[in-house]
Amino acid sequence: MAVYIFERIDITGGGRGKFIELIRTSWAEYAKNRHGVRLAGVWATVGSTAAWPEADILWEMDDWGHFAAAQAATNPVEDKDPYLNEMWREALAWRSGGQSALLIPSAFTPTVADLRAAGTSGEVVLYENIQSRPGQMAAYHAALRAEQLPRAEAKGIRLMGAYRHALRPNVGVNLWLLRDWEQCAEALESELAFPGGQAWLDRCGELLEDSEGWLLAAPPEGLLRT
Amino acid sequence: MLVHLWEVIHTVPGQEEPYMTSVLSISERRDYFGAPETAPTGPKYRGQVGLFRTAEVSGLWPKVINLWGERDWRGFVDNLKGQFTDTRHVAMEEWWNRNLSLRRGGFDRVLLPATFSPDTIRLAQEGVKGRVFLHEIIQVPWGEVPNYLARLEREFLPAAQRHDWQLIGAYSVAMRPREVLTVWGMREWRGFADLLAAAESESDLREWFAYRERTVTRSEELVLLAGRVNPLRLAD
Numbered sequence: 007m008a009v010y011i012f013e014r015i016d017i018t019g020g021g022r023g024k025f026i027e028l029i030r031t032s033w034a035e036y037a038k039n040r041h042g043v044r045l046a047g048v049w050a051t052v053g054s055t056a057a058w059p060e061a062d063i064l065w066e067m068d069d070w071g072h073f074a075a076a077q078a079a080t081n082p083v084e085d086k087d088p089y090l091n092e093m094w095r096e097a098l099a100w101r102s103g104g105q106s107a108l109l110i111p112s113a114f115t116p117t118v119a120d121l122r123a124a125g126t127s128g129e130v131v132l133y134e135n136i137q138s139r140p141g142q143m144a145a146y147h148a149a150l151r152a153e154q155l156p157r158a159e160a161k162g163i164r165l166m167g168a169y170r171h172a173l174r175p176n177v178g179v180n181l182w183l184l185r186d187w188e189q190c191a192e193a194l195e196s197e198l199a200f201p202g203g204q205a206w207l208d209r210c211g212e213l214l215e216d217s218e219g220w221l222l223a224a225p226p227e228g229l230l231r232t
Numbered sequence: 054m055l056v057h058l059w060e061v062i063h064t065v066p067g068q069e070e071p072y073m074t075s076v077l078s079i080s081e082r083r084d085y086f087g088a089p090e091t092a093p094t095g096p097k098y099r100g101q102v103g104l105f106r107t108a109e110v111s112g113l114w115p116k117v118i119n120l121w122g123e124r125d126w127r128g129f130v131d132n133l134k135g136q137f138t139d140t141r142h143v144a145m146e147e148w149w150n151r152n153l154s155l156r157r158g159g160f161d162r163v164l165l166p167a168t169f170s171p172d173t174i175r176l177a178q179e180g181v182k183g184r185v186f187l188h189e190i191i192q193v194p195w196g197e198v199p200n201y202l203a204r205l206e207r208e209f210l211p212a213a214q215r216h217d218w219q220l221i222g223a224y225s226v227a228m229r230p231r232e233v234l235t236v237w238g239m240r241e242w243r244g245f246a247d248l249l250a251a252a253e254s255e256s257d258l259r260e261w262f263a264y265r266e267r268t269v270t271r272s273e274e275l276v277l278l279a280g281r282v283n284p285l286r287l288a289d
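Protein chains in written order, with the working numbering: chain A, 7 to 232; chain B, 54 to 289.
Shown next as structure tokens:
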């Protein structure tokens, strides 16, 4: 079972574009070649929907053993990995900190390889922070798979992943792929109050304490816009 | 009653190690410039349970956690009094102002150790050290803290030790009756990962995590590395 780390990065000033390019290019390639850690996605938070300026990164590892080996090889970074340390220092110009989440995928979450093989991608991502009622995360994932996933797919929305936090009880993250901005407008217009609509909202009311959603988007490659 | 001062420091990014070394200089100065009878005879860099910095694995970063050694409540209050009366602590003021380039602020708690929480003497005697540490603050319903700590000792501690998790400290929090703070150390990242991998397959872990899911109302975690001046640090 794969293990993931999702990072929300607090960007400094106008550095979001440069930070994302650093991750997309040297950082991701190095992480993969040196440590086998794969970049599943890097995005900017769409500021009109949540915090700004902010960048977001999802890293994928094969399993817990791979996670342990990668962390052991990179911590403390100044002692273990000079090149990674230098990229970290370079990034200081563009980020002030962030928050990471160690995540476990649900059984129906595709891997990066699965998504690539299926040709699944999206210019826009719907991100959801999930807090389940006590002990209800498994039931929530079961309902998501059985009830919401078919409805979403019928609207052309693809699941990138439904994860639970490895360390925080009753906390999860969902990532949904929207093909492009046109589909984003079309798919969400009728469900802006709660993606999934009223029926899903009612169902979630039985299973969740709270849910917060916002949009992520990947800036065009090579274009150093903020 | 013994208490610990706990601090989360919002460091200027990249200044975590310089900050930890600098803040430790305060107690080092006190030890070596005080009266002869106060000269230290015990382990190096005493006065702390440990100073740690965040790894970018889970939780907010960059932060430093200062977990200071146990002291009695009266002595703790005397220290607070010195900050708010006419008695000036000039060296402390100068240190504070000199190091504004290292940190932007912080948030403190006063911790009350659980009966089974090891003190600094025991940690040193048992040679407790680690490469990675898990720090957690959880919130439980009113009145549940004693039960949570009792179950932690009875149910989770044996399972944790089986996976090379060593208890650094388990605390309730003064004036915050719903909070529990715990720190665990692992000699290797593998130990950290193995317990999480076994969370659903080993029955005692499964029951413990199920209890947490039913009970914990809020949780904040930090995955930490020991500072270079931390006696708990296991270096290569």
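Backbone N, C-alpha and C fix where the C-beta goes; we use that ideal spot for every residue, glycine too.
Spatial neighbours of Gly180 of chain B within its chain, please: C-beta separation below 6 angstroms, excluding the five flanking residues on both sides. Leaving aside the five residues that flank Gly180 of chain B on each side, none in its chain has a CB nearer than 6 angstroms to its CB.
Partners in chain B for Leu108 of chain A, counting only beta-carbon separations shorter than 7 angstroms: Chain B residues near Leu108 of chain A: Val110 and Ser111.
Rounded to whole angstroms, what's the CA-CA distance from Ala144 of chain A to Ile174 of chain B? Just pull it up for me. Near 43 angstroms, if we compare the C-alpha coordinates of Ile174 of chain B and Ala144 of chain A.
Ignore the nearest five residues each way along the sequence and tell me which others in Glu206 of chain B's own chain have a CB closer than 6 angstroms to its CB. Cβ within range, chain order: Phe169.
I'd like to know if Trp242 of chain B contacts chain A, where contact means its C-beta is closer than 8 angstroms to some C-beta of that chain. Closer than 8 angstroms to some Cβ of chain A, the Cβ of Trp242 of chain B qualifies, so yes.
Across the segment 76-85 of chain A and the segment 143-162 of chain A, are there enough close Cβ pairs to call them in contact, namely three or more that are closer than 8 angstroms? Verdict: no, contact absent.
Per DSSP, Glu232 of chain B is paired with what? Under the DSSP definition of a beta bridge, Glu232 of chain B partners with B:Gln192.
With a threshold of 16 other CB atoms inside 10 Å of the CB of Met54 of chain B, please say whether the residue is buried or exposed. With fewer than 16 Cβ atoms within 10 Å of its Cβ, Met54 of chain B is classed as exposed.
Identify every run of the beta strand (DSSP E) within the segment 143-194 of chain B, keeping only runs that are complete inside it and at least 3 residues long; order them along the chain. As summarised for the segment 143-194 of chain B, the continuous beta strand (DSSP E) elements at least 3 residues long and confined to that stretch are 156-166 and 185-192, given in chain order.
Would you identify the three-state DSSP class for Trp58 of chain A, choosing helix, strand or coil? Coil, per DSSP.
If Ile191 of chain B sits next to Val269 of chain B, beta carbons under 8 angstroms apart, how far is it from one beta carbon to the other, in whole angstroms? Confirmed, about 5 angstroms.
Helix, strand or coil: which one does DSSP assign to Phe114 of chain A? Correct three-state label for Phe114 of chain A: coil.
Consider the Cβ of Arg124 of chain B: report whether some Cβ of chain A lies at a distance smaller than 8 angstroms. Arg124 of chain B is outside the set of residues whose beta carbon lies under 8 angstroms from a beta carbon in chain A.
Count the other CB atoms, across all protein chains shown, that sit within 10 Å of the CB of Met7 of chain A; report buried if there are 16 or more and exposed otherwise. The residue in question, Met7 of chain A, is exposed, as its Cβ has fewer than 16 Cβ neighbours within 10 Å.
Strand pairing of Ile26 of chain A, partner residues [DSSP]: The secondary-structure analysis by DSSP pairs Ile26 of chain A with nothing; it has no beta-bridge partner.
Here's a check: name, in chain order, each residue in its chain whose Cβ is nearer than 6 angstroms to the Cβ of Glu215 of chain A, leaving out the five neighbours to either side. The answer, listed in chain order, is Gln137 and Arg139.
Ala124 of chain A burial status per 10 Å Cβ neighbour count (16 or more: buried): Classified as exposed, Ala124 of chain A has fewer than 16 neighbouring CB atoms from the shown chains inside 10 Å of its CB.
Listed by chain order, chain A residues near Asp161 of chain B by CB distance under 7 angstroms: Result: empty, since nearest Cβ-Cβ is about 19 angstroms, beyond 7 angstroms.
Extent of the continuous beta strand (DSSP E) run through Gln68 of chain B: First-last for Gln68 of chain B: undefined, no H or E at that position.
Which value, in whole angstroms, describes the spacing of the CA atoms of Leu108 of chain A and Val9 of chain A? Their Cα atoms are separated by approximately 8 angstroms.
Flag this pair as yes or no: are the beta carbons of His188 of chain B and Ile118 of chain B separated by less than 8 angstroms? Contact: yes.
How big is the Cα-Cα spacing for Cys210 of chain A and Val282 of chain B? Rounded to the nearest angstrom, the two C-alpha atoms are 48 angstroms apart.
Could you tell me the distance, in whole angstroms, from the CA atom of Phe12 of chain A to the CA atom of Ile63 of chain A? Roughly 6 angstroms between the two C-alpha positions.
Just how far apart, CA to CA, sit Arg157 of chain B and Trp33 of chain A? Taking the straight line from one Cα to the other gives about 28 angstroms.
Bridge partners of Ser106 of chain A, per DSSP? Under DSSP, the beta-bridge partners assigned to Ser106 of chain A are A:Glu13 and B:Gly112.
Would you report the Cα separation of Ser106 of chain A and Val52 of chain A, rounded to the nearest angstrom? In this structure, the alpha-carbon of Ser106 of chain A lies about 19 angstroms from that of Val52 of chain A.
Comparing alpha-carbon positions, which option in A:Val43, A:Ala79 and A:Glu60 lies nearest Trp220 of chain A? Measuring from the Cα of Trp220 of chain A, the nearest candidate turns out to be A:Glu60.
Just to make sure I have the definition right: I need the residues of chain A whose C-beta is within less than 7 angstroms of the C-beta of Arg265 of chain B. Which are they? Correct list: Pro175.
How about Glu274 of chain B: is its C-beta nearer than 8 angstroms to some C-beta of chain A? Proximity of Glu274 of chain B to chain A, defined by a Cβ-Cβ separation below 8 angstroms, is satisfied.
Is it right to say Lys134 of chain B is buried, meaning 16 or more other beta carbons lie within 10 angstroms of its own, or is it exposed? Residue environment analysis places Lys134 of chain B among the exposed positions, since fewer than 16 neighbouring C-beta atoms fall within 10 angstroms of its C-beta.
Using the three-state DSSP reduction, which class does Met7 of chain A fall into: helix, strand or coil? If DSSP states are grouped into helix, strand and coil, Met7 of chain A belongs with coil.
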